[in-house]
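Participant: 1 is the number of the first residue of the sequence shown in full-length UniProt numbering; add one for each residue after it.
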Amino acid sequence: MDILYQIRARQDSFSAGEGRIARLMLDDVGFAASASLEDLARRAEVSTATLSRFARTVGCRDLRDLRLQLAQASGVGSRFLDPAGTPEQSAFYGQIVGDIETTLRQHLAGFDESRFADAVKMLGQARMIHAFGMGGCSTLCSDELQVRLVRLGYPIAVCHDAVMMRVTAASLNAEQVVIVCSLTGITPELLETVELARNYGARILAITRAGSPLAQLADIVLPLQGAETSFIYKPTAARYGMLLAIDVLATELALANPEDNQERLRRIKLALDEYRGGDDHLPLGD
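#1: According to DSSP, is T251 part of a helix, a strand, or is it coil?
#2: Hey, R43 and L63: beta-carbon distance below 7 Å or not?
#3: How many angstroms separate the CA atom of S212 from the CA atom of G185?
#4: Among S34, E274, L104, N199, which has the Cα closest to the Cα of L243?
#5: Roughly how many whole angstroms lie between the Cα atoms of Q125 and L149?
#6: Going by other Cβ atoms of all chains shown within 10 Å of its Cβ, with 16 needed for buried, is M164 buried or exposed?
#7: Ordered along the chain, which non-local residues of its own chain (more than five positions away) have a Cβ less than 6 Å from that of G30?
#8: At 4 residues or longer, and completely inside the UniProt domain "HTH rpiR-type" (1-77): list those alpha helix (DSSP H) runs for me, N to C.
#9: Provide the residue(s) that pair with V221 in DSSP beta bridges, ordered along the chain.
#10: Taking its Cβ as the centre, do 16 or more other Cβ atoms sit within 10 Å of L205, making it buried, or is it exposed?
#11: Could you spell out the range, first to last residue, of the alpha helix (DSSP H) harbouring A170?
#12: Drop a sphere of 10 angstroms on the beta-carbon of G277, count the other beta-carbons inside from all chains shown, and report buried for 16 or more, exposed for fewer.
#13: Can you give, in chain order, each stretch of the beta strand (DSSP E) that sits fully within the stretch 107-177 and has at least 3 residues?
#14: On the premise that V194 lies in contact with L217, defined as a C-beta separation below 8 Å, what is that separation, rounded to the nearest angstrom?
#15: In this structure, what does DSSP give as the bridge partners for S182?
#16: Whose C-alpha, out of L123, T102, C159, is nearest the C-alpha of A202?
#17: Looking at the structure shown, is F231 part of a helix, part of a strand, or coil, going by DSSP?
#18: I7 and V58: beta carbons closer than 7 Å?
#19: Using 8 Å as the threshold, is the stretch 166-177 in touch with the stretch 133-148, meaning 3 or more CB pairs across them?
#20: Report buried or exposed for T251, applying the criterion of at least 16 other Cβ atoms within 10 angstroms of its Cβ.
#21: Could you check the C-alpha separation between F111 and A238 for me, to the nearest Å?
#22: Provide the residue span of the alpha helix (DSSP H) that contains N257, from first to last.
#23: Ends of the alpha helix (DSSP H) at P188?
#24: Mapping DSSP to helix, strand and coil, what is A237?
#25: Are the CB atoms of C181 and G133 within a distance shorter than 7 Å?
#26: Take E18 and list the residues in its own chain whose beta-carbon comes closer than 6 Å to its own, dropping the five residues that flank it on each side.
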């Protein structure tokens, strides 16, 4: 149950006493979750009986269940519970750019060239590469891997469906590599799929948060940093760290065999020019 939603949704139907309880809980979820029943009743200026009636009104079995639901709600973090003002447009435009710059510099400083070198060697030995990702950024970035690698001649397929990922993992062997994209490194379906792929000998390259459960399952990790700001309304800047890792990896792969890759890119450029025209510096199929 989302107890805070249940309380907000019923505000117009509460009695005067129940309304005071609702406002108290919405204004200070942490206090409501940890305070004694006597303190709650005293702060809301109601009786314990009114508290019990309130618990049932919002869908809880009893006061104990209400307190449990409040404790769970308070666990999401203060930045999602405290009232937040709306910044001026120019201010948050600048904050978005600033966060992107910060995360790019943090990730670049944390990258280890030897890890990328090991990843290039692993992918160069693979008969087939599979890219897995679930969720907004991870889905986008696994597709980005296919765009980057296919133009360099690497055989790569992408999958986002949990069932199809399991089917794919069960068909793998030691000649194949799985690249797994995950900002958090804790998505259950990805962890189960990686364990299955490892059972059949596949090598795992993870682009994920350092020290995460997914990172611990991988043969090679390109580590991400996922620190978030208190401004909850904008998309996470951490996804730019994942894109940076992919750009560095793709460039390392291209430079590992520059002459062959130059010829591939020339052929792609020729095919695209015949198809769409345009000047010489348009993106190469992006």
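Yeah, the Cβ is synthetic: ideal placement off N, Cα and C, and Gly gets one too.
Here the structure is a predicted model, which is why all the values come from computation and not from measurement.
Facilitator: According to the structure shown:
#1: Taking the first residue of the sequence shown as 1, we reach residue 251 at position 251. In the displayed model, T251 falls within a helix according to three-state DSSP.
#2: Reading the sequence shown from its first residue, position 43 is the one you call residue 43. Reading the sequence shown from its first residue, position 63 is the one you call residue 63. Going by C-beta atoms, R43 is not nearer than 7 Å to L63.
#3: Position 212 of the sequence shown, counted from the first residue, corresponds to residue 212. Position 185 of the sequence shown, counted from the first residue, corresponds to residue 185. The alpha-carbon atoms of S212 and G185 are separated by roughly 5 Å.
#4: Start at 1 with the first residue of the sequence shown, and residue 243 comes out as number 243. Minimum Cα distance to L243 is reached at L104.
#5: As a first step, residue 125 is located in the sequence shown; it is residue number 125 there, counting from the start. As a first step, residue 149 is located in the sequence shown; it is residue number 149 there, counting from the start. If I take the Cα positions, the gap works out to 14 Å.
#6: In the sequence shown, residue 164 corresponds to position 164, counting from 1. Burial call: exposed.
#7: As a working mapping, residue 30 is identified with position 30 in the sequence shown. Here the set comprises S74.
#8: 3-9, 16-27, 29-34, 37-44, 48-57, 63-74
#9: Counting from 1 along the sequence shown, the entry for residue 221 is found at position 221. Partner(s): A206.
#10: For this step, residue 205 is matched to residue 205 along the sequence shown. With 16 or more other Cβ atoms within 10 Å, it is buried.
#11: For the purposes of this step, residue 170 is taken as residue 170 along the sequence shown, with counting starting at 1. First-last of the alpha helix (DSSP H) with A170: 162-170.
#12: For this step, residue 277 is matched to residue 277 along the sequence shown. Exposed, since its Cβ has fewer than 16 Cβ neighbours within 10 Å.
#13: 128-133, 156-159
#14: Taking the first residue of the sequence shown as position 1, residue 217 is located at position 217. Taking the first residue of the sequence shown as position 1, residue 194 is located at position 194. L217 to V194, Cβ: 5 Å. Contact.
#15: As a first step, residue 182 is located in the sequence shown; it is residue number 182 there, counting from the start. DSSP output for S182 lists T208 as bridge partner(s).
#16: Within the sequence shown, residue 202 is the residue found at index 202, counting from 1. Of L123, T102, C159, the smallest CA-CA separation from A202 is found for L123.
#17: Position 231 of the sequence shown, counted from the first residue, corresponds to residue 231. Residue state, collapsed to three classes: coil.
#18: On the sequence shown, position 7 is the one that residue 7 refers to. On the sequence shown, position 58 is the one that residue 58 refers to. Yes; because the gap between Cβ atoms is below 7 Å, this pair is in contact.
#19: no
#20: Taking the first residue of the sequence shown as position 1, residue 251 is located at position 251. Exposed: under 16 other Cβ atoms inside 10 Å.
#21: What you label residue 111 is simply residue 111 of the sequence shown in a count that begins at 1. What you label residue 238 is simply residue 238 of the sequence shown in a count that begins at 1. When rounded, the distance between both Cα atoms is 14 Å.
#22: Here residue 257 refers to the residue found at position 257 when the sequence shown is read from its first residue. N257: not part of any alpha helix (DSSP H); DSSP gives it neither H nor E.
#23: Taking the sequence shown and counting its residues from 1, the one referred to as residue 188 is at position 188. It spans 188-199 - the alpha helix (DSSP H) in which P188 sits, taken as one unbroken run.
#24: Residue mapping note: residue 237 aligns to position 237 of the sequence shown, counting from 1. Under the three-state reduction of DSSP output, A237 falls in the coil class, being neither helix nor strand.
#25: Taking the sequence shown and counting its residues from 1, one reaches residue 133 at position 133. Taking the sequence shown and counting its residues from 1, one reaches residue 181 at position 181. Yes, the Cβ-Cβ distance between G133 and C181 is below 7 Å.
#26: Looking up residue 18 in the sequence shown gives position 18. For E18, where only same-chain residues beyond five positions count, the Cβ hits under 6 Å are F54.
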